[in-house]
Amino acid sequence: MIASPPDPLAEPTDRLGYADDLLTVGERAKLAQLRRLLDEQATPHLADWWEQAECPVHLRAELAALRLEDDEVLLRQDGSLSPYYVGFKHLELQRVDASIGTIYGGQTGMFRTVLRGGGSPEQIAALDPGIPSFETTGCFALTEPEHGSDVAGGMATLATPDGDGWRLSGHKRWIGNAPISQLAIVPARNADTGRVNAFLVPLDAPGVTMSDVDGKIALRMVRNSDIRFDDVPLAADARLPGIGSFSDLSAILAQLRYVIGWNAAGLQIGAYESALRYALAREQFGRPIAGFQLVQEKLTRMLGNAEATLALAVRLTTLKDRGALDDATAALAKTWSADRLRETVALGREIAGAEGIRVHRNLARFFADAEAVYTFEGTHEMNSLIVGRAVTGLSAFTR
Ligand SMILES: Cc1cc2nc3c(=O)[nH]c(=O)nc-3n(C[C@H](O)[C@H](O)[C@H](O)COP(=O)(O)OP(=O)(O)OC[C@H]3O[C@@H](n4cnc5c(N)ncnc54)[C@H](O)[C@@H]3O)c2cc1C
């Protein structure tokens, strides 16, 4: 009897063997649970949710029940998670779907990091414990309709001191998860000092109105909002005391910049695995297209891009863990990873021919979602300008 060849998709793609090297047995078991949950509860519905732009908000409870953030088996001696585990957790989510990764990570990554970095001990004690369970929900609202790339200098949202508290007026746009959040952390310019501060704003406060950004071709399951703040009253303790300037905010956001490589690797691995699955099943000229040289060359480029992006993410994580990750290196990694991501998802779409433009084959979803990742957390141009300034000593931001 001839033994059948091993299933190339039996295990998640990790040719360089990072998971075995960097994760504990407990962490690997937790990630296997995450994979199982996503395979069973999300994968069969992704195309429909994406097409209907339906936000699978119910998945938050199921993900929370896995205790991905605070299961004792995951905690190191100081109570923290290993950053490699955090990276692989993001990778696993993105490998399945970028929207689901954002619905989960916008809260447990972005909102939580800014709260922990800028909040007072009282604010953190009140809100942080509820974040992993999604009892407390939050988003981060930086971008404005008139200020995207130049928001650092151009922020127009104003916080005006008013008695013991504040009044907030302005407009934010593209804010992910806002309609499914209780709170937004809103950076705003202090009307007295001109400096950027940040505020915890209940999204049901009087004067807050929201509408969805519609017609998106990427991250269709994520609800991105246009939020208006019309003279919103805020208590004194709404201000995050650790954020007294845009530089303070940047320093906090910098802690998250290593994650983007894991996300870009996860999306590429998802696209690669979908393309390989399709190529093995689709027959032309009497044999699977996976057996043709030109298709194998595309699969090779996809795999190489994905693995190289993962290798870069691992290195960035090591630097971050040592406190040695500088802005320019993070910017270089973001722009390079996002370029590889765009190339990889386009190759995957191509491998599936006409089916590659149908969302039901996954490849179109990865193809479209890559555009959001390419743009947020610093566009290609902004990151190139950060790298350019570091390597030449010349700032070209306004030329
Ligand atoms: C799906 C999605 C989710 C998002 N989620 C959030 C969120 O949760 N919270 C949040 O605050 N924001 C969010 N954003 C906003 C995101 O951070 C911004 O889109 C991003 O910063 C770019 O801003 P912009 O879209 O206004 O582009 P613009 O700043 O208008 O830029 C347009 C183009 O001009 C280029 N450009 C601008 N200035 C220069 C220059 N000096 N030199 C060369 N080129 C230049 C840019 O690189 C870009 O290609 C999200 C965006 C997307 C797409």
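Sequential numbering of the sequence shown, starting at 881, is according to the numbering used here.
All C-beta atoms, glycine included, are put in the ideal place defined by N, C-alpha and C.
Placement of the Cβ of E934 at a distance of 7 angstroms or more from every heavy atom of ligand 1 is found. The shortest CA-to-CA distance from T993 to any of I1011, I1060 and G981 is the one to I1011. Beta-bridge partners assigned by DSSP to I1065: F1020 and L1080.
Your pair A922 and I980 checks out as a contact, with CB atoms roughly 6 angstroms apart and the cut at 8 angstroms. Counting along the chain, no alpha helix (DSSP H) covers R1241, and no H or E run does either. For S1264, the uninterrupted alpha helix (DSSP H) run begins and ends at H1260 to T1272, by DSSP.
Exclusion of the five residues before and after S1061 leaves Q987, F991, T1017, G1018, C1019 and L1083 as the residues of its chain whose Cβ lies within less than 8 angstroms of its Cβ.
By the neighbour-count criterion, in which 16 or more other beta carbons inside 10 Å mark a residue as buried, S1000 falls on the exposed side. Leaving aside the five residues that flank R1108 on each side, the residues in its chain whose CB is nearer than 6 angstroms to its CB run, in chain order, H1051 and T1089.
Going by C-alpha positions, G1028 is about 15 angstroms away from R1069. With a cut-off of 7 angstroms, the C-beta of L1265 is classified as near ligand 1, since at least one heavy atom of the ligand falls inside that distance. Closest by C-alpha distance to R1047, out of A899, G985 and A1116, is A1116.
Non-local C-beta neighbours of R996 in its own chain, meaning closer than 7 angstroms and more than five positions away in sequence, comprise I1004 and D1008, ordered along the chain. Between the alpha carbons of I1055 and F1165 lies a gap of roughly 48 angstroms.
Here P1121 is not near G1045, since their CB atoms are 8 angstroms or more apart. In this structure, ligand 1 has no non-hydrogen atom nearer than 7 angstroms to the beta-carbon of T1215.
The Cβ atoms of L902 and Y964 sit closer than 8 angstroms to each other.
In this structure, the straight-line span from the alpha carbon of E1015 to that of E1163 is close to 49 angstroms. The criterion of a C-beta distance shorter than 8 angstroms is not satisfied by L961 and K910. F1256 sits in coil when the DSSP states are folded into three classes, being neither helix nor strand. Contact annotation: the segment 1234-1245 touches the segment 915-934, with at least three C-beta pairs closer than 8 angstroms. For T1255, the distance from the CB to the nearest heavy atom of ligand 1 is below 7 angstroms.
For V1175, the enclosing alpha helix (DSSP H) has its first and last residue at Q1173 to D1201.
Residue pairing by DSSP puts H1051 in a beta bridge opposite R1108. For L1038, the enclosing beta strand (DSSP E) begins and ends at L1038 to D1042.
In this structure, A1218 and V1253 form a Cβ contact; the two beta carbons are roughly 6 angstroms apart against a cut-off of 8 angstroms. When secondary structure is reduced to three states using DSSP, H938 falls in the coil class, being assigned neither helix nor strand.
For I1055, the shortest separation between its Cβ and any heavy atom of ligand 1 lies below 7 angstroms. For H1051, the shortest C-beta to heavy atom distance toward ligand 1 is 7 angstroms or greater.
Two segments are said to touch when three or more pairs of C-beta atoms, one from each, lie closer than 8 angstroms; by this definition the segment 1190-1203 does not touch the segment 1169-1181. Taken through DSSP and simplified to helix, strand or coil, M1090 comes out as strand. Rounded to whole angstroms, the Cβ separation of W1142 and H970 is 4 angstroms, and the two are in contact under 8 angstroms.
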